[in-house]
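Position in the sequence shown counted from 1, then plus 1, gives you my numbering.
A virtual CB, placed ideally from N, CA and C, is assigned to each residue, including glycine.
Reviewing the structure listed below.
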Amino acid sequence: MNTDEFRQAGKEMVDYICDYMETLAVKRRVTSAVKPGYLKNMIPEEAPERPEPWDNIMSDIEAKIMPGITHWQHPRFHAYFPSGNSYPSILGDLLSDGVGIIGFSWASSPVCQELETIVLDWLGKAIGLPDEFLSCTQGGKGGGVMQGSASECILVNMLAARAEAIKRLKKDEPKAEDGHLLARLVAYCSQEAHSCVEKAAKICMVKLRIIEPDEKSSLRGEQLRQYASSFNTNPNKWLLTNFDCSTMWVRDRFKFTEAMVVDPIYLQHNHDSQVIDYRHWGIPLSRRFRALKLWFVIRSYGLEGLREYIRNHCRLAKKFESYVRDDRRFEVCNDVKLGLVCFRLKRNNKINQELLVRINYSEKLFIIPSLIGKKYILRFCVVAERATEEDIKYAWDVITSIAAEVLEESERAEKANKLPEILGAAKVPPTAAGDKPLFQHISQQFSFTKSLSRDVYQRYISKKSLHDGVSPIVVVDEEEDQEN
Ligand SMILES: Cc1ncc(COP(=O)(O)O)c(C=O)c1O
Numbered sequence: 002m003n004t005d006e007f008r009q010a011g012k013e014m015v016d017y018i019c020d021y022m023e024t025l026a027v028k029r030r031v032t033s034a035v036k037p038g039y040l041k042n043m044i045p046e047e048a049p050e051r052p053e054p055w056d057n058i059m060s061d062i063e064a065k066i067m068p069g070i071t072h073w074q075h076p077r078f079h080a081y082f083p084s085g086n087s088y089p090s091i092l093g094d095l096l097s098d099g100v101g102i103i104g105f106s107w108a109s110s111p112v113c114q115e116l117e118t119i120v121l122d123w124l125g126k127a128i129g130l131p132d133e134f135l136s137c138t139q140g141g142k143g144g145g146v147m148q149g150s151a152s153e154c155i156l157v158n159m160l161a162a163r164a165e166a167i168k169r170l171k172k173d174e175p176k177a178e179d180g181h182l183l184a185r186l187v188a189y190c191s192q193e194a195h196s197c198v199e200k201a202a203k204i205c206m207v208k209l210r211i212i213e214p215d216e217k218s219s220l221r222g223e224q225l226r227q228y229a230s231s232f233n234t235n236p237n238k239w240l241l242t243n244f245d246c247s248t249m250w251v252r253d254r255f256k257f258t259e260a261m262v263v264d265p266i267y268l269q270h271n272h273d274s275q276v277i278d279y280r281h282w283g284i285p286l287s288r289r290f291r292a293l294k295l296w297f298v299i300r301s302y303g304l305e306g307l308r309e310y311i312r313n314h315c316r317l318a319k320k321f322e323s324y325v326r327d328d329r330r331f332e333v334c335n336d337v338k339l340g341l342v343c344f345r346l347k348r349n350n351k352i353n354q355e356l357l358v359r360i361n362y363s364e365k366l367f368i369i370p371s372l373i374g375k376k377y378i379l380r381f382c383v384v385a386e387r388a389t390e391e392d393i394k395y396a397w398d399v400i401t402s403i404a405a406e407v408l409e410e411s412e413r414a415e416k417a418n419k420l421p422e423i424l425g426a427a428k429v430p431p432t433a434a435g436d437k438p439l440f441q442h443i444s445q446q447f448s449f450t451k452s453l454s455r456d457v458y459q460r461y462i463s464k465k466s467l468h469d470g471v472s473p474i475v476v477v478d479e480e481e482d483q484e485n
């Protein structure tokens, strides 16, 4: 592709994206209907030996790629969490790809590091972080960095904490082996912490002690507040910035980077002492110019616009919560403060799972489940950038009309003592192959869950394992499902 062809194709691609966004709600169903392996039959097994015309490639997008897309920007998408996206952010990534730099040290592209430091200070101030976390604080040791994901942030912080703890223990036992001291380390986290904490502890080989949260699922305690030495939040979720953009700040950047500094000669430069080199702040050496997209987003929306975006989502979540509370068949299961409402029918887990299956099967909405304690709940997340009250009302109408159906059928079935036969069987047509669908199969497909063995399920609901709002994947076993 030469420059003129790129100019042409690039404009077409921008048009394609704009049309996609504008017509998404009316032209596409929110979830994908494909079966595992669908693409294998559509794409050759071998890479093409000869170059293909761009038009051929472009025509495959609608034919082969779009069928396999779950549309995260769709107004009927209420699953997981918002996937940050906005035109200024897309332009930021486009320019980053366009200049094609790798920012592993200040010298490798000075602006890549400098803009990141400035934008992280902007955002840190905007969210009210204490001054010690900002690099612009006179005489301070703090600073922010962008990583690819929250999981990476947790991991590098645990690596830093591990190095510091071993160093401290070595003061008293200078001859002890690191491995010997490592066996004595324990990390603490909330039972409600994301499962990436468990993963980080596994990688770091540090034992994890899980602390019970309060009745609102919050971890409390003055001590935790006092000792917080880092903070992480994902603009690629709820700040209109495309993945990847996970921002984190530390109180003491010198202590933080100690575990990760390596300094080969080809990466040294004359300004080492004056600038931040982010190669010491994470696992990869190569770094993308991510700061551009966040810089574009903050400037294009202004802090005022970003606040309004978040407040709108919080308002709409409250609206949804009020619908749930006003309907005596349902209950709200979380303290609704942000954009997420956890709710369920005041019935057992199986019936709630049935509700979720049918909602997703209807193709009118996409919602995922979770567990709170042993209760199977539905998570309703406000996601679309320009979500409106009508979207929330629409979703509630879909949910309540399906709930009425499920309740009516289950009551009828309970009377006839035929509940297991009815659940999952109604309104589910035969599969393309003509076989009669089984409850398990359908429920897995449309609750976006998978079966777990009894011991994994037990481990899952026990206090020894972490769960989070987006990855718990449970099919309730009949024997587990008392009248929860
Ligand atoms: C609270 C919390 N922490 C961590 C993560 C993991 O994020 P990432 O996908 O950026 O690693 C998530 C993802 O949903 C989350 O909600």
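N-terminal and C-terminal residue of the alpha helix (DSSP H) that residue 257 is part of: 254-258
Residue 21 Cβ short of 8 Å to ligand 1 heavy atom set: no
For residue 456, which residues in the same chain have their Cβ closer than 8 Å to its Cβ, ignoring the five residues on either side in sequence? For residue 456, the pLDDT reaches just 48, beneath the cut-off of 50, and the residue's location in the model is therefore unreliable, although a value from the coordinates is still provided. Same-chain partners within the cutoff: there are none.
Could you check which residue in 148, 123 and 128 has the C-alpha nearest to that of residue 136? For residue 136, the nearest C-alpha among the options comes from 123.
Please classify residue 318 as buried or exposed, where buried requires at least 16 neighbouring CB atoms within 10 angstroms. buried
In whole angstroms, what is the alpha-carbon distance linking residue 250 and residue 281? Spanning the alpha carbons of residue 250 and residue 281 requires a straight line of approximately 14 Å.
What runs of the beta strand (DSSP E), each 3 residues or longer, lie entirely inside the stretch 196-224? Correct list: 208-212.
Just checking my contact of residue 381 with residue 331 at CB under 8 Å: how many whole Å lie between their CB atoms? Their Cβ separation, rounded to whole angstroms, is 11 Å, which puts residue 381 and residue 331 out of contact at 8 Å.
Give me the residue from 59, 39 and 44 with the minimum Cα distance to residue 12. 59
Residue 1 versus 95, 61, 96 and 152, residue with shortest Cα-Cα distance: Outside the modelled stretch of the chain, which goes from 2 to 485, sits residue 1, for which no answer is possible.
Exposure of residue 405, with buried meaning 16 or more beta-carbon neighbours within 10 Å: exposed
Is the CB-CB distance between residue 69 and residue 157 below 9 Å? no
If you follow the beta strand (DSSP E) that residue 1 is in, where does it begin and where does it stop? Any answer about residue 1 is impossible in this case: the structure gives the chain only from 2 up to 485.
Is any heavy atom in ligand 2 found nearer than 8 Å to the beta carbon of residue 155? Ligands present in the displayed structure are limited to ligand 1, and ligand 2 is not among them.
Measure the C-alpha to C-alpha separation of residue 149 and residue 396 and round it to an integer number of angstroms. For residue 149 and residue 396, the distance between alpha carbons rounds to 32 Å.
Just confirm the distance between the C-beta atoms of residue 352 and residue 407, as a whole number of angstroms; I'd bet it's less than 8 Å. 6 Å
Could you check what DSSP says for residue 275 in three-state terms: helix, strand or coil? It is coil, neither helix nor strand.
Under 8 Å Cβ to Cβ from residue 388, same chain only, skipping five residues before and after it: list those, please. 76, 313, 314 and 317
Please report the residue range of the beta strand (DSSP E) in which residue 190 lies. 187-191
Ligand 1 and residue 238: does the residue's C-beta get closer than 8 Å to at least one heavy atom of that ligand? Under cutoff, so the answer is yes.
Taking the continuous alpha helix (DSSP H) assigned at residue 407, which residues delimit it? 390-416
Looking only at C-alpha atoms, which of 32, 81 and 144 sits nearest to residue 277? 144
Would the stretch 257-264 and the stretch 160-168 be scored as touching if the rule is three or more Cβ pairs under 8 Å? yes
Could you give the distance in angstroms between the alpha-carbon of residue 89 and the alpha-carbon of residue 106? 26 Å
For residue 219 versus residue 235, is the C-beta distance shorter than 9 Å? no
Mind reading off the beta-carbon distance from residue 25 to residue 72? Whole number of angstroms is fine, and I expect it under 8 Å. 6 Å
Report the rounded CA-to-CA distance for residue 165 versus residue 113, giving the unit in angstroms. 29 Å
Please report how far the alpha carbon of residue 139 lies from the alpha carbon of residue 133, in whole angstroms. 9 Å
Do residue 81 and ligand 1 come close, with the Cβ less than 8 Å from some heavy atom? yes
Residues in its own chain within less than 6 Å of residue 322 by CB, not counting five upstream and five downstream? Around residue 322: 333, 337 and 342.
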